[in-house]
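Scroll down for the structure; my scribbles are underneath it.
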Amino acid sequence: MSDYDVIVVGAGNAALAAANSAREQGAERVLVLEKAPEKDRGGNTHYSGGMLRVAYGQPEALRALVPDAEDELPGFFKDVPTYTEDEMMADLMRVTAGKTDQTLAKILISKSYETICWMHDYGGIPMEPAVSLSAIRVGNKLRWQKGAIVRALHEGVGLSNHWFKKSEENNITVRYGVGAVELLQNEDGAVVGVLANTGETLEEITAPAVILGCGGFEANAQMRAQYLGAPWDHAKVRGSAYNQGDGLRMALDLGALPWGQWSGRHSTPISNEWPDFADRERTDQSNRLSFPYSVMINREGKRFLDEGEDVGMYTYAKYGGRILQETGALAWQIFDQQTVDFLEPRYSTSDPITADTLAELVEQLDVDDKAQALRTLEDYNAAVPASGSNDGFDPTQKDGLSSKGLSPEKSNWATRLDQPPYLAYSATGGITFTFGALKIDEDARVIGTDWRPIKGLFACGEMVGGLFHINYPGGTGLTSGAVFGRIAGASAAHGADGPTAS
Ligand SMILES: Cc1cc2nc3c(=O)[nH]c(=O)nc-3n(C[C@H](O)[C@H](O)[C@H](O)COP(=O)(O)OP(=O)(O)OC[C@H]3O[C@@H](n4cnc5c(N)ncnc54)[C@H](O)[C@@H]3O)c2cc1C
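Residue numbers are given in the working numbering: position 49 of the sequence shown equals residue 397, and the series is strictly consecutive.
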C-alpha cells in the first residue's frame, strides 16, 4: 500500500488549492511537501498582491465574494464595469499576441468565477475590493479597471495563511523543509511517488498520484541564463528564493513535454533600491507601476519605450524586462505635481529625488549623459500639449493624449512636465515568474513527449505552460493556479489516470 493517496509538491496557491480539492473529492491521505522552512513557506503566493482576475459578467456577481463592499465604498456595484468571458479572452489574446493555448485559456476563463467562489466559500479565503491596485479616484468617484477588481484580504499573506488554515482543517499533512528531488516510476512508467530530501536523509514517499505545484525557475540564475539569456541571470527576484525549477527538471527528466514560451517571463518595474531577493515583510511593495503617468529615461538620458502604450495592467508585466535590457538595468520615472496624486501607495516605500527645475533634477540622477537627459525632457515637453490646455487628460482610461513627433511616442497620458516640484524614482526589472513550463491536458495530467498523459503525474500553477507568452494580464497567475490546482486535485483524487480514464 502507498504511503499517501496524493502527494502535492509545493505549498503556494496552486498546490494548496490542489491539496484541498483532492480532500474535497475524497482523497483521504494527502501530503504536501514544502521545500522552504515554515518561516519562509508559501512561495510567490505569499509575496503576491492577492489580486484575482475573474470573468464575472455583471458586477452584482461580485457580491458573492465581497458582500460588504458597499459599506466601505458606496456605489461599488454600480461603479464597477462589466467583465465578460469574451472580454477576458480578448485581453489574454491581445497581450499574448494570440499565442495563448486556446484549450487552457477557455478552461481558465470559463472556470474563473466559479473557482474564485470556491476559494472563498470552500477555501474560507476572505476577499476585498483591490482599491489600491485597480481603482483610481477622480473627484469623489472611484474608476475601476476591468476584470481585476477583487483580491484576497491582506493580499498574498492573507491568501497563503488562509490556505494553510484550510489545509489544517482538512487534516492535510504538511512537511516543511522537505523538497522533492526526483519522481519515482514503476515498471509501467507510472509516477508512484517522490524521492524527497529532508535535509538529513533522502526518503522515498509513495502515492498513486503526484501533483507538481512547485513553481517555475525564476529564482535560478543558471536556468534564467540558459532559457531567458543575458542579462536575466542578474535580475532581482520579486518573490520566493525556493522556486528553482526543481519540478520542471524532475518532470522533463522522465519525458514530460515542455510547453509555452521558455524564453518568456513576467517581469515588472521595481525599485532599484530593492535587494536581489525579495523582502518577505515588504512583499510586493517594490513595484513601480505608475509609469504610464511618467516620463521614463535610461542612463543615456533617453526615452526607450512608450510609457503610455496601454493601461498599466496590460504593460507592467513586460516593461520590467525592457528596463532590464537598458544600460545598468536602470531607468528613472519622472513625475510632476500634475500626476503625483496618481502614484500608487507603494511609491511611499522610496524617497524620491526632487527638484524645482528639470535641470536641477537631472543633475542629481544617476545618468551617464545629463545634458542628453535634459534635452530629452525638453524635447518631450515640446511634443506634448501644455498643461491646463484642456487637453483631455484622463488617468482612468486610455485618453489618446499623445506626443507628436517623438520616437518612441508616448501614446496616452502625455502631460507636460511643467508643474514643479519634480520627482524621480529609480526602477529596474524584477523577475516574477517564468512562462515556459509543462504541457497538461484538460484534467491537469502532464503530457509526455509521446503526447500521452504520464500516468500518476499532474501539474498546476506556474508549472502549467502555454497560457502566457510575451506578456500577461494582471491578476491571472493566482486565478490560473486556483483553477488548474482545483482540477489537478480532483483528478488526482480519482487515481493515477485522472477522471477521464476508462
Ligand atoms: C511580488 C509578486 C506579486 C504578485 N502579485 C500577483 C497578484 O496580485 N495577482 C496574481 O494573480 N499573481 C501575482 N503574482 C504572481 C503569483 O504570485 C504567482 O503566479 C503564483 O503565486 C504562483 O503560484 P504557484 O502555487 O504556482 O507557485 P508558488 O506560490 O511560488 O509556490 C511554489 C511552491 O513550491 C515550493 N517548492 C519549490 N520547489 C520545491 C520542491 N522541490 N519540493 C517542494 N516544494 C518546492 C515553494 O517553496 C513554494 O511553496 C505575484 C508574484 C509576485 C512575486
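Cβ coordinates follow ideal geometry from the N, Cα and C atoms, glycine included. From a predicted model like this one, the values you see are computed outputs, not experimental measurements.
Check your understanding: Which residues does DSSP pair with Asn620 in a beta bridge?
Key -> Partner(s): none; Asn620 has no beta bridge.
**Study point:** Continuous beta strand (DSSP E) assignments of at least 3 residues falling wholly in the segment 541-618
**Key:** Fully contained in the segment 541-618 are the following beta strand (DSSP E) runs of length 3 or more, in chain order: 550-554, 557-560 and 613-618.
Review point. From which residue to which residue does the beta strand (DSSP E) around Ile788 run?
Key: Unbroken run through Ile788: none, as it is neither H nor E.
Review point. Are the segment 657-677 and the segment 726-734 touching, with three or more C-beta to C-beta distances below 8 Å?
Key: No, the segment 657-677 is not in contact with the segment 726-734.
Point to revise | Cβ shell of Arg491 (< 6 Å), same chain only, five flanking positions each side left out | key: Spatial neighbours of Arg491 in its own chain (CB-CB distance under 6 Å, excluding positions within 5 residues in sequence) are listed in chain order as Ile484 and Thr744.
Check your understanding: So, using beta-carbon positions, are Val402 and Tyr820 closer together than 8 Å?
Key -> In this structure, the beta-carbon distance from Val402 to Tyr820 does not fall below 8 Å.
**Study point:** Simplified DSSP state of Met349, which is helix, strand or coil
**Key:** In the three-state reduction of the DSSP assignment, Met349 falls in the coil class.
Point to revise | Nearest candidate by alpha-carbon position, reference Arg572, set Leu765, Trp610 and Val357 | key: Among Leu765, Trp610 and Val357, the Cα nearest to that of Arg572 belongs to Trp610.
Exercise for review: Please name the residue, chosen from Gly676, Lys746 and Leu381, that lies closest to Leu543 on a Cα-to-Cα basis.
Suggested key: Distances from the alpha-carbon of Leu543 to those of Gly676, Lys746 and Leu381 put Leu381 closest.
**Study point:** Any non-hydrogen atom of ligand 1 closer than 7 Å to Phe781 Cβ
**Key:** Checking the Cβ of Phe781 against ligand 1 gives yes.
Review point. Is Asp632 near ligand 1, judged by its Cβ being under 7 Å from some heavy atom?
Key: With a threshold of 7 Å, the Cβ atom of Asp632 counts as near ligand 1, since some heavy atom of the ligand is closer than that.
Point to revise | Per-residue burial, Asn361 [other beta carbons within 10 Å of its own, 16 or more giving buried] | key: Asn361 should be labelled buried.
Point to revise | Collapsed DSSP secondary structure at Ala438 in the structure displayed | key: Three-state DSSP puts Ala438 in a helix.
Check your understanding: Rounded to the nearest angstrom, how far is the Cβ of Gly804 from that of Ala538, given a contact under 8 Å?
Key -> At roughly 5 Å, the Cβ-Cβ gap stays under 8 Å, so Gly804 and Ala538 are in contact.
Exercise for review: State whether the segment 790-797 contacts the segment 629-640, with contact taken as three or more CB pairs (one from each stretch) at a distance under 8 Å.
Suggested key: By the Cβ criterion, the segment 790-797 is not in contact with the segment 629-640, since fewer than three pairs of Cβ atoms, one from each stretch, lie closer than 8 Å.
Check your understanding: Taking just the CA atoms, how far does Arg647 sit from Leu709?
Key -> Leu709 and Arg647: Cα-Cα distance of roughly 14 Å.
Review point. Thr663: beta carbon under 7 Å from a heavy atom of ligand 1?
Key: Checking the Cβ of Thr663 against ligand 1 gives no.
Check your understanding: Heavy atom of ligand 1 less than 7 Å from the Cβ of Ala367, yes or no?
Key -> If you check the C-beta of Ala367 against ligand 1, you find no heavy atom less than 7 Å away.
Practice item. Compare the C-beta of Pro623 with all C-beta atoms of chain C and state if any pair is closer than 8 Å. Key: In the displayed structure, chain C is absent; only one protein chain is listed.
Practice item. With DSSP collapsed to three states, give me the class of Val522. Key: Of the three classes helix, strand and coil, the one that applies to Val522 here is strand, per DSSP.
Check your understanding: Quick one: what's got a C-beta closer than 6 Å to Pro733's C-beta in the same chain, skipping five residues either side?
Key -> Excluding residues within five positions, the ones whose Cβ falls inside 6 Å are Asp739.
**Study point:** beta strand (DSSP E) segment containing Lys489, residue limits
**Key:** Lys489 -> beta strand (DSSP E) spans Lys489 to Trp492.
Practice item. Grab me the residues of Tyr395's own chain with a C-beta within less than 8 Å of its C-beta, minus the 5 sequence neighbours each way, in chain order. Key: Non-local C-beta neighbours of Tyr395 in its own chain, meaning closer than 8 Å and more than five positions away in sequence, comprise Gly504, Arg586, Gly587, Ser588, Ala626, Arg628, Thr631 and Asp632, ordered along the chain.
Exercise for review: Give a yes or no on whether the C-beta atoms belonging to Gly833 and Ala363 are separated by under 8 Å.
Suggested key: Yes, the pair counts as a contact, with Cβ atoms nearer than the cut-off.
Practice item. Check whether the Cβ atoms of Met644 and Leu653 lie closer than 8 Å to each other. Key: Against a cut-off of 8 Å, the Cβ pair of Leu653 and Met644 comes out as a contact.
Review point. Can you give the Cα-Cα distance for Arg389 and Leu596, rounded to whole angstroms?
Key: Straight-line Cα distance between these residues: approximately 20 Å.
Check your understanding: Based on Cα-Cα distance, which residue from Cys562, Leu560, Leu815 and Asp845 lies nearest to Met441?
Key -> The option with the nearest alpha carbon to Met441 is Leu815.
Check your understanding: Cβ of Thr393 versus every heavy atom of ligand 1: is any distance shorter than 7 Å?
Key -> Indeed, a heavy atom of ligand 1 lies less than 7 Å from the Cβ.
Check your understanding: Which word fits Gln681, buried or exposed, when buried means at least 16 other C-beta atoms lie within 10 angstroms of its C-beta?
Key -> Here Gln681 is buried, its C-beta having at least 16 other C-beta atoms within 10 Å.
Check your understanding: Should Lys752 be labelled buried (16 or more other beta-carbon atoms within 10 Å of its own) or exposed?
Key -> Exposed is the call here.
**Study point:** Thr848, DSSP secondary structure in three states
**Key:** Note on Thr848: pLDDT 49, under 50, position unreliable in the model; no value is reported.
Exercise for review: Consult DSSP for Glu535 and reduce its assignment to one of helix, strand or coil.
Suggested key: Residue state, collapsed to three classes: coil.
Point to revise | Whole alpha helix (DSSP H) elements within the segment 659-727, 4-residue minimum | key: Taken in chain order, the complete alpha helix (DSSP H) segments of 4 residues or longer contained in the segment 659-727 are 664-672 and 706-712.
**Study point:** Same chain, Cβ closer than 6 Å to Ala365, neighbours up to 5 away in sequence not counted
**Key:** Excluding positions up to five away in sequence, the list reads Ala830, Gly833 and Arg834.
Check your understanding: For Thr687, which of Lys718, Ser642, Arg723 and Lys666 has the nearest alpha-carbon?
Key -> Nearest C-alpha to Thr687: Ser642.
**Study point:** Option in Gln574, Asn368 and Ser458 with minimal Cα separation from Thr827
**Key:** Out of Gln574, Asn368 and Ser458, Ser458 has the C-alpha closest to the C-alpha of Thr827.
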